[in-house]
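*Asks:* Read in order, the letters of the sequence shown are residues 5 to 137 in the numbering used here.
To start, I am sharing the structure in question, which I have written as C-alpha cells.
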Amino acid sequence: MHKKLEEILLPDDRRYTDEHIWLKKDGNSYLSGISDFAQDQLGEVVYIDLPSVGDEFDAGVPYGEVESIKSVNKLFTPVKGKIIDVNAAVGDAPATLNESPYEKGWIVRFEVANEADIEGLLTADAYRAFLNK
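Quick look at the structure:
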C-alpha cells in the first residue's frame with residue numbers, strides 16, 4: 005500500500021530531480037539518495053549497485069541501480085560531479101533506503117563540478133507539485 009502524496013516526506017533542506025533523487029549540501033560536498041516517494045513506489049529494496057569512489061558523471065547519467073522485489077531502477081546523477089564517498093552500509097542493508105531515505109539511507113557523496121547547477125534542481129515545493137501532476 006503506497007503512501008498518500010500528502011504523507012510523503014520532502015525535507016526543505018535539499019533539492020530534488022524528476023528522477024526522484026535528492027541532493028543536500030553537507031560541508032564542502034553533497035549527499036544524495038532517493039526520495040521518500042521513490043522508496044515508497046519501489047517497495048522493499050533488496051539490492052543496490054553502488055558506483056566507485058572517484059567515478060565522475062555528467063548530470064542525468066545513471067551511476068547505479070536500485071532493485072526492489074517489484075522492479076529494477078537506475079539511479080541518475082542529479083548534477084555533474086565526482087563520487088567522493090559511497091554509503092557501504094546501504095549496500096550491506098539495502099532496506100535502509102526504505103527505513104531512512106534522507107538520513108541513514110544516503111547513497112553517495114558528490115563533489116559537485118558547478119554549484120550553480122544545483123539551482124536548476126527542484127525545491128521541495130516544486131517537487132511536490134511535480135508529483136501531484
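C-beta atoms are modelled at their ideal positions from N, C-alpha and C, and glycine is treated no differently.
Please go through the same chain and pick out, in chain order, the residues whose beta-carbon is closer than 6 Å to the beta-carbon of A117, but skip the five residues on each side of it.
*Replies:* Closer than 6 Å at Cβ, skipping near neighbours: K84 and G85.
*Asks:* Around the Cβ of L9, are there at least 16 other Cβ atoms within 10 angstroms (buried) or fewer (exposed)?
*Replies:* Result: exposed.
*Asks:* Using a Cβ-Cβ distance under 8 Å, would P105 count as near chain D?
*Replies:* Absent here is chain D; the protein component of the structure consists of one chain.
*Asks:* Just the C-alpha distance for P105 and Q43, rounded to the nearest angstrom, thanks.
*Replies:* If I take the Cα positions, the gap works out to 7 Å.
*Asks:* Hey, is the stretch 108-123 in contact with the stretch 55-73, meaning 3+ C-beta pairs nearer than 8 Å?
*Replies:* Segments in contact, yes.
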